[in-house]
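Read top to bottom, the protein sequences are chains X and P. Converting from the first sequence to my numbering requires adding 68 to each position, the first position being numbered 1. Converting from the second sequence to my numbering requires adding 305 to each position, the first position being numbered 1. Scroll down for the structure; my scribbles are underneath it.
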Amino acid sequence: MSRVETLIETLAADARPVRPLRPPVARAMAWIAAVTISGGLAVYLLADVRQLFARYDGRAEMMALEMAAMLATGVLAIVGAFLVAIPGRSKRWLLAPAGPFAAWLLLSGAGCYRDLVRNGSSDLSIGHSLDCLIFILAVSLPLGVTLVWLLARARPIDPLPVALLGGLGTAATAAFILQFFHPFAVTFVDLAIHLFAIALVVSVTALINRRALSPA
Amino acid sequence: MAAAQQGDAAAYRLFLTSVTPFIRAVARKTGRWTDDVDDVVQDALLTVHRVRHTYEPGRPVKPWLAAIAARRSIDAMRRRGRIGMREVHNDVAYETFADPRANNEEATDTARTLAQMTSELSPGQKEALALVKLKELSLVEASSVSGQSIASLKVNIHRAIKKMRRNLAKHPRE
């Protein structure tokens with residue numbers, strides 16, 4: 069009996085029943101629904117939505133598009149993370165959030181430029197931007213932990229793409245929630261700090277990918 | 306595979322056996338090798354076992370399986386690359402200096418060369434050589450042991466040495 073045949077016999081002898089994972093999109097939607105409920109509750113109880121619209125007076129449509137792009141980045145990255153964690157699913161999901169992410173940067177950058185022209189160089193101070201960094205990191209932590217816990221159930225055979233998408237999804241969701249608590253319209257410095265926070269979250273998840281996702 | 310997920314050992318065995326050639330083909334195609342392919346196949350089968358809960362019943366099994374086989378093949382290539390970069394093969398490292406009898410690599414080589422050299426000798430030549438040159442018997446003693454005449458012994462020894470010299474020239478020791 070060859071080594072392969074012996075192994076097959078051993079594995080067949082260990083054929084305990086396993087419960088198949090639910091479809092990845094359904095699992096992603098369950099996580100997104102849970103975050104929507106808890107995030108929505110926090111916004112309802114703690115945020116002032118009317119003030120949000122007041123801050124973006126005159127460019128409300130742009131702000132709505134910007135937030136839609138943020139949300140799309142987060143949702144596509146999270147759905148992609150659940151999908152690429154399963155063997156055989158398309159790796160093209162890695163590129164899925166690229167479009168909305170670029171749109172988010174463009175729209176946000178254009179808004180910042182418009183405010184800079186209107187308000188002058190006072191927009192270039194750091195001000196409360198560091199609070200945004202702390203907010204994104206603090207919100208990303210519980211989101212990331214629950215997401216990684218769910219993603220690890222698939223024991224991804226190639227964990228890095230899963231970690232990258234999961235990190236981006238987490239950070240984009242945190243940045244989206246931040247918009248409801250932001251004390252002022254986003255400036256260039258602020259935008260840069262948001263991007264730094266996102267890069268930090270993605271880097272951390274990428275660094276701990278093997279430990280956190282228990283790959284097979 | 307769906308039956309295997311429910312704990313059907315016979316179905317699982319059949320599944321693993323029937324997909325092994327496919328895994329082997331993917332490993333060969335991805336890795337472009339032949340020597341380590343069995344290791345990759347075993348690694349892929351173990352991975353199939355670990356992640357069998359990720360197969361979604363009703364979906365085609367081939368892409369799922371191909372991704373696992375390709376990943377394990379790539380992992381094996383990377384592992385080999387890493388080992389190749391950091392480690393070199395050193396025959397001397399296997400010598401156990403504490404026990405000189407264990408360092409018999411050279412003796413094995415010599416024995417192999419000798420076997421090659423004597424392989425073409427006739428039985429009579431071999432016998433004559435063994436008795437006179439190795440056991441160091443006199444021609445008379447060798448003649449009484451082997452039953453060959455002294456003249457035959459001399460001729461056999463002469464021809465054996467000549468043939469061995471020719472052999473050695475044809476296949477010099479590496």
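Glycine included, C-beta positions come from ideal geometry on N, C-alpha and C. The model shown is predicted, which means the values in this text are computed figures rather than measured ones.
Taking 7 angstroms as the threshold (beta carbon to beta carbon), is GLY156 (chain X) in contact with chain P?
yes
How many Å lie between ALA110 (chain X) and ALA265 (chain X) at the Cα?
21 angstroms
According to DSSP, is ARG221 (chain X) part of a helix, a strand, or is it coil?
coil
Local Cβ density within 10 Å of HIS463 (chain P), reported as buried at 16 or more and exposed below that:
exposed
Could you tell me the distance, in whole angstroms, from the CA atom of LEU439 (chain P) to the CA atom of ALA474 (chain P)?
22 angstroms
Chain X contact for GLY312 (chain P) (CB, 7 angstroms cutoff):
yes
Using the Cα positions of ILE154 (chain X) and GLU73 (chain X), report the straight-line distance between them to the nearest angstrom.
27 angstroms
For a cutoff of 7 angstroms on Cβ pairs, would you count THR335 (chain P) as touching chain X?
no
Looking at chain P, is there any beta carbon in it that lies within less than 7 angstroms of the beta carbon of LEU215 (chain X)?
no
So, using beta-carbon positions, are ILE373 (chain P) and VAL345 (chain P) closer together than 7 angstroms?
no
Residue interval of the alpha helix (DSSP H) (run including ASP258 (chain X)):
256 to 275
Can you tell me whether GLU129 (chain X) is helix, strand or coil according to DSSP?
helix
Return the residue from the list X:HIS250, X:THR214 and X:ARG123 that minimises the CA-CA distance to ASP183 (chain X).
X:ARG123
Suppose you measure from the CA of LEU173 (chain X) to the CA of ALA166 (chain X); what does that come to, to the nearest Å?
11 angstroms
What are the residues of the stretch 376 to 393 of chain P that lie near chain X, defined by any Cβ-Cβ distance shorter than 7 angstroms?
ARG376
Beta carbons nearer than 8 angstroms to chain P: which residues of the stretch 76 to 108 of chain X have them?
ILE76, GLU77, LEU79, ALA80, ALA81, ASP82, ALA83, ARG84, PRO85, VAL86, ARG87, PRO88, LEU89 and PRO91
I'd like the span of the alpha helix (DSSP H) that includes GLU392 (chain P), first residue to last.
No alpha helix (DSSP H) holds GLU392 (chain P); DSSP gives it neither H nor E.
Distance CB(THR255 (chain X))-CB(CYS180 (chain X)) smaller than 7 angstroms:
yes
Proximity below 7 angstroms, CB of GLY142 (chain X) to CB of PHE249 (chain X):
no
Contacts of ILE146 (chain X) in chain P (Cβ-Cβ under 9 angstroms):
Simply none; closest approach about 18 angstroms.
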